[in-house]
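For reference, the structure is listed below as structure tokens.
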Amino acid sequence: MIVDPVTLIVALITVATPILLAAIGELVVEKAGVLNLGVEGMMIMGAVCGFVVAHHSGSAFLGFVAGMGGGIALAFLFAILTQILLANQVASGLALTLFGLGLAALIGVGYGGLALPAVFRPFPDALHDIPVAGPILFSHSVLVYVALILVAAVWYGLTRTRIGLVLRAVGENHDAAHALGYKVVRIRIAAILFGGACAGLGGAFLSVVRVQNWLEAMTAGAGWIALALVVFASWKPWRVLLGAWLFGGIAALQLRLQAAEVGVPVALLDASPYLITIIVLVIISSDRSRAALNAPAMLGRIFHASG
Amino acid sequence: MIVLEKRPQPAQAWVIGGPVLAVLLTMIAGGAMFAALGKDPVEAIRIIFWDPLFSEQFAGYSRPQLLVKAGPLILIAIGLSLGFRAGIWNIGAEGQYIVGALCGAAFGLAFWPSTHPLIFPGMLVAGLTGGVLWAMIPALLRVYARTNEILVSLLLVYVAEAMLASAATGWLRNPEGSGFPGSRNLARHAGTDNPELIAGTGMHLGVVAAFVAVIAAHVIMTRHILGYQIRLAGQAPRAAGFGGVNAGRLVILCMGVSGALAGAAGLFEVAGPAGRISIDFNVGYGFTAIIVAFLGRLNPIGILLAGLLMALTFIGGELAQLMLGIPAPAIQAFQGMLLFFLLALDVMANYRIRRKRGALA
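Residue numbers (the working numbering), protein chains in the order written: chain U, 1005 to 1311; chain W, 28 to 388.
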């Protein structure tokens, strides 16, 4: 056996968490009818802000808060551009990613390799020592569990609460929602900021917990995979979780296969998470009944209240 | 209460004035950023925008660099602009650029050390083909599997980067390079090189191709039925469908052209200024070209000017790094800022700001 299944599953959950956080945030944004392609930029800002603050304050918790702040700051720019100045969402999202990558690299100059505080793990070591179930269920840092709770909360919020219903109404038909008296722009801005907080938190998890270092462009397309995941999940929260684990499993497995030096070319292994994301995306999109029906009808459309 | 009122037609003054104002605002915001880094903002802006062209000390080296860097940016941006106008978002030009360079270099290296005059044309064809094939993946998937071309084209950039790494360290590595990564030098070998055509200007075949592309795109967009179809598909997709525009064919055509131009840009770069395939020979032209395309208003002449300006920020950025110790990523943030201001000012072209009393927002 080249790969131990238990450590693989533990690694899978860790690798999946940043993407899960970013994707669940983006799902809420898209449900409100906004397409924010700047997830990669918000994640990298979260990663650098989280790392810098965690390093200086000695508190991982403050690092996570700062990561969320970094994501929100960038999301705020996007909200102003697309909701108030009515700019094209695709172009604004790309701008967010390009700007975020540059600004994060600038903030992070000189921070690579610096020390980080330890991250709180909610379960005691005794539970950790249970064979198989211990490492898989109880060995993670607190954010892993927060991400799972967040998925449940988003599912509950979107499907079982009034706020969720209003949010979806705005995403399905903004003119009708506006006519009913809902504040389309405000609701969308709130959703965009929530998405920014989630992406920033995912980025902070990446730098503070998973890699425990700051590297330029360390998100390496995780934000784009999160965007693909939302499509893959047909805009359903639980499927985002499934998709994140699938992706995490492949990413974790390919790293182990590289270390084990099996006969597969390294380039193919490096590219495998992206290739498999594309393949899954194609399978989901080509099924007309599944993909098209679930996409929010107003996704990417500009809302301008006239008259 | 301030409200926006949609203009029946975009205001021409803002269409042209917007980018100029965006550049000025970026200089101010960028100056603030440089000041926050503890540098003299006025000096930094002067070094970035003025010194590369007019300082006695640096202009000799910098001026030719302007065309060297603007060439690929313009070539790629022209291709992207056709698609962007039609609502087809190829944002993976960086990947097509890499694959074009890989295919072209592989062709040239396959015949090493021959100096046959047909080798460079062959490399060019290989580069174009590589770029087209790489762009065809998202194009065909969008047409036949309704897969989002934004995500696919972008994800393929990472796949192309993995291929580049394996080429530089494996199958294209210089056999006489004592094990160091990177291919043989194509630029220093007659037959595979893309030389400077006029000494001291930086003008190479890729720059010529960029100028030709600008003219061709201008003619297509203003004088050819294809340009009409592209504009129609972008502004009113349903009307275009009723008008007989084949949407699928348009996607394949626009993606194919942008892939071809990006692939050619990659080949010209690797056979000229970069010289060889190395792990990091690509410096993000494929992404910066997106900014160039928007800054130029998706208009060929605008892209020509925007490409020159963006090239200037690259050169000026290097100079600022050298002279003031401004970190390299600051320039990337600076370029991103420009796109923000540009998009923000677009509102002025499309809407009129009106003051209204007691209105409901």
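From the three backbone atoms N, C-alpha and C, an ideal C-beta is built for every residue, glycine too.
Relative to W/G98, the option among W/V241, W/G110 and W/G158 whose CA is nearest is W/V241. Of all residues in the stretch 72-100 of chain W, none is placed with a Cβ closer than 8 Å to any Cβ belonging to chain U. In this structure, W/L199 and W/A132 form a Cβ contact; the two beta carbons are roughly 6 Å apart against a cut-off of 8 Å. In this chain, the beta strand (DSSP E) harbouring W/V30 covers I29 to K33. Annotated three-state conformation of W/R173 is coil, per DSSP. Chain-ordered, the chain W residues with CB closer than 8 Å to the CB of U/N1092 read L370 and D373. A straight line joining the alpha-carbon of U/N1217 with that of W/A56 spans about 30 Å. If you draw a straight line from the Cα of W/A104 to the Cα of W/G275, it comes to about 22 Å. Contact annotation for U/A1275 against chain W: Y185, V186, A189 and M190 [CB-CB distance below 8 Å, chain order]. Shown here, W/Y378 sits in a strand according to DSSP, grouped into three states. Rounded to the nearest angstrom, the Cβ distance from W/L277 to W/F111 is 13 Å, too far for a contact under 8 Å. Contact of W/N175 with chain U is assigned, a C-beta pair being separated by under 8 Å.
Within chain W, the residues whose beta carbon sits less than 7 Å from that of U/L1089 are A371 and V374, listed in sequence order. Proximity of chain W to U/H1308 at the Cβ level (cut-off 9 Å) is accounted for by L31, K33 and Y378, in chain order. Just so you know, the alpha carbons of W/I257 and W/L178 end up roughly 22 Å apart. CA-CA distance, W/M190 to W/Y312, rounds to 18 Å.
Per the DSSP secondary-structure output, W/E223 pairs in a beta bridge with W/H231.
Residue environment: W/P79 is assigned as buried (16 or more neighbouring CB atoms within 10 Å of its CB, all protein chains considered).
Residues of the stretch 1212-1227 of chain U that bring their beta carbon within less than 9 Å of a beta carbon in chain W comprise E1220, A1224 and G1225, in sequence order.
Taking C-beta atoms under 8 Å as the contact rule, U/G1116 and U/V1052 fail to qualify, at a distance of about 11 Å. Per the coordinates, the alpha-carbon of U/H1059 lies some 36 Å from the alpha-carbon of U/I1282. Out of W/T340, W/T156, W/L351 and W/M230, the CA that lies nearest to the CA of W/L64 is found in W/L351.
With fewer than 16 other CB atoms across the displayed protein chains lying within 10 angstroms of its CB, U/L1184 is exposed. Following the DSSP letters along the chain, one finds W/P91 inside the alpha helix (DSSP H) bounded by residues A86 to R112. Distance from the CA atom of W/I101 to the CA atom of U/H1132, rounded to whole angstroms, is 57 Å. Its chain contains V1174, H1178, A1181, H1182 and F1307 as the residues whose beta carbon lies nearer than 7 Å to that of U/V1188, once the 5 sequence neighbours on both sides are disregarded; these appear in chain order. Taking a C-beta distance under 8 Å as the contact criterion, U/L1169 and U/G1050 do not qualify as a contact pair. The stretch 1103-1110 of chain U makes no contact with the stretch 315-332 of chain W: fewer than 3 CB pairs, one atom from each, lie closer than 8 Å. Of all residues in the stretch 1248-1282 of chain U, those with a C-beta nearer than 7 Å to a C-beta of chain W are P1269, V1270, A1271, D1274, A1275, Y1278, L1279, T1281 and I1282, reading in chain order.
Closest in alpha carbon position to W/T174, among W/G158, W/Q36, W/F361 and W/W116, is W/W116.
Taking a beta-carbon distance threshold of 8 Å, U/F1127 does not count as an interface residue toward chain W. Rounded to the nearest whole angstrom, the CA to CA distance from W/L183 to W/A316 is 17 Å. Chain U places a beta carbon closer than 8 Å to that of W/V179, counting this residue as a contact. Taking all protein chains in view, the Cβ of W/S180 is crowded by 16 or more other Cβ atoms within 10 Å, so the residue is classified as buried.
Note on W/G206: under 16 other CB atoms within 10 angstroms of its CB, so exposed under the neighbour-count rule.
Residue environment analysis places U/S1211 among the buried positions, since at least 16 neighbouring C-beta atoms fall within 10 angstroms of its C-beta.
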